[in-house]
Structure formats: C-alpha cells, structure tokens
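> In the numbering used here, the protein residues as written are 4 to 213. The structure is given below, and queries will be raised subsequently.
If you want it as structure tokens, here you go:
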C-alpha cells in the first residue's frame, strides 16, 4: 500500500497531515465510461452492445455493468435500471418490456464486480445514449386470410359434391336398363355434362380466390 499525506505551510511553518495511512490503489478504482454504445431493435427484442476503453484485461473479465433505459421523452429520474449478471458488454431487452411505437433511450456504466475481493471500484460515469424503437409485428392482410379460408373450405366441399354426383350416377345407372326407348334419357347420361359444368365452376372459383 501507499501512505498519502498532505503538506502545507501555515504561518511560516511546514505541516504534514496524513490523509491515508494505508492507501491501496486497487481498492479505489474508477473506470472510464463505456464507449460506442449501439442498439438494434426488432419485433421480439432489442439488442444493445458497447465497448470499454483503457481497461486492463484482468479487469475487463470481472467488470459489472448497469443498464439504464427510459422512454425518450421522459426524465432519467424515472428510468429503469438493470444490473447485468454477465461481464459481456451486451444485453437484450425483451419486446414485452417496451411499448410499441415509442422511442427509447439507453445508457450504461461499469465498475469492478462487487463479488471481486481483490479490487474495489465505484461506478463510472454514464456512457453516451443510444436511441431505439421496437419494430411492430407486421399484420396479415384480411384479404389474404379470406382467400386462404375460401381455399381450405372449397377443397372438402368440392370433394363432397363429387362424391354426391358419383353416387347419384351410380344409382341412376341401375334404372337405365329398365327404361323403354320411348322414355326420356336416364339421369346417368346427364352425369358427364354435370361433371363438366362443375369442373368449370371449380376453375372459375379458384381463379377468383387467387
């Protein structure tokens, strides 16, 4: 350790005052604020990252960060604070913590972790701010939903109609052989015409739904 003293001349006499009889620099650390804070916001989360400068490698591994963020128009006095559990210079904020359509400002500061016994420091000054806004989730067009709904309903209905026509033709064909030549044509003979007409309606409907 070091002995820190203050010397002065009072009334023509030199005086020495011991300020710190045992001063250990590693117990009195104040780091520079983080630099280059940046952010990237999506519809699900916001990523914030930064860098530190003039920090020895053995301290960079035991740093502790605190994030502070707020709505851009609000005061820092009402900002939310988060002490980060990791020494990595990055953090993620879930979209559920952010209001849609609102701009936010964030900043960060650092110090040596409180769990570290060999060093002790106070918080650095706050970094510069980064501004971000949560991206809105794109809404699916109602026209797209209606088109898909029609297509999903159209397939089983078409299949059921075909089965009905086929079954009707099968029943009608049983009576065809018992009809005389002077009677009207059997419904069985009209089935191909019905099927062609129905197929044409399917093509037209699919074209409209697209």
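Even for Gly, the Cβ is constructed at its ideal location relative to N, Cα and C.
1. Looking at the structure shown, is residue 55 part of a helix, part of a strand, or coil, going by DSSP?
2. If you measure between the beta carbons of residue 57 and residue 35, is that distance less than 8 angstroms?
3. Our contact map puts residue 32 next to residue 109 with C-beta atoms below 8 angstroms; I'd like the distance itself, whole angstroms only.
4. Is residue 61 helix, strand or coil when you go by DSSP?
5. Using the rule of at least 16 other Cβ atoms within 10 Å of the residue's Cβ for burial, across every protein chain shown, is residue 60 buried or exposed?
6. Please check the pair residue 90 and residue 66, which I expect to be a contact at CB under 8 angstroms, by giving their CB distance rounded to whole angstroms.
7. Could you please give the first and the last residue of the uninterrupted beta strand (DSSP E) stretch that includes residue 135?
8. Write down the C-beta distance between residue 107 and residue 69 rounded to the nearest angstrom, noting that I regard them as a contact closer than 8 angstroms.
9. Just curious, the beta strand (DSSP E) that residue 109 is in, first and last residue?
10. Whole angstroms is fine: what's the gap from residue 120's alpha carbon to residue 63's?
11. Which of the three DSSP states is assigned to residue 45 in this structure?
12. Go through its chain and collect everything with a Cβ distance to residue 11's Cβ below 7 angstroms, but skip five positions before and after it.
Based on what the coordinates show:
1. By 1-based counting over the chain shown, the position of residue 55 is 52. Under the three-state reduction of DSSP, residue 55 is assigned to coil, being neither helix nor strand.
2. Here residue 57 refers to the residue found at position 54 when the chain shown is read from its first residue. Here residue 35 refers to the residue found at position 32 when the chain shown is read from its first residue. A contact, by the Cβ cut-off of 8 angstroms.
3. Mapped onto the chain shown, residue 32 falls at position 29. Mapped onto the chain shown, residue 109 falls at position 106. Not quite, the Cβ-Cβ distance comes to about 24 angstroms (not below 8 angstroms), so this is no contact.
4. Working through the chain shown from its first residue, we reach residue 61 at position 58. Reduced to three states, the DSSP call for residue 61 is helix.
5. Taking the chain shown and counting its residues from 1, one reaches residue 60 at position 57. With fewer than 16 other Cβ atoms from the protein chains shown falling within 10 Å of its own Cβ, residue 60 counts as exposed.
6. Translated into the one-based positions of the chain shown, residue 90 becomes position 87. Translated into the one-based positions of the chain shown, residue 66 becomes position 63. Right, their Cβ atoms sit about 5 angstroms apart.
7. If you number the chain shown from 1, residue 135 lands on position 132. Run containing residue 135: 133-136, per the beta strand (DSSP E) assignment.
8. Within the chain shown, numbered from 1, the residue matching residue 107 stands at position 104. Within the chain shown, numbered from 1, the residue matching residue 69 stands at position 66. Their Cβ separation, rounded to whole angstroms, is 16 angstroms, which puts residue 107 and residue 69 out of contact at 8 angstroms.
9. Counting from 1 along the chain shown, the entry for residue 109 is found at position 106. Start and end: 106-115.
10. The sequence position of residue 120 within the chain shown is 117, counting from 1. The sequence position of residue 63 within the chain shown is 60, counting from 1. Between residue 120 and residue 63, the C-alpha separation is close to 15 angstroms.
11. Taking the chain shown and counting its residues from 1, the one referred to as residue 45 is at position 42. In the three-state DSSP reduction, residue 45 falls in the coil class, being neither helix nor strand.
12. Walking along the chain shown from the start, residue 11 turns up at place 8. So the list reads 18, once near-sequence residues are dropped.
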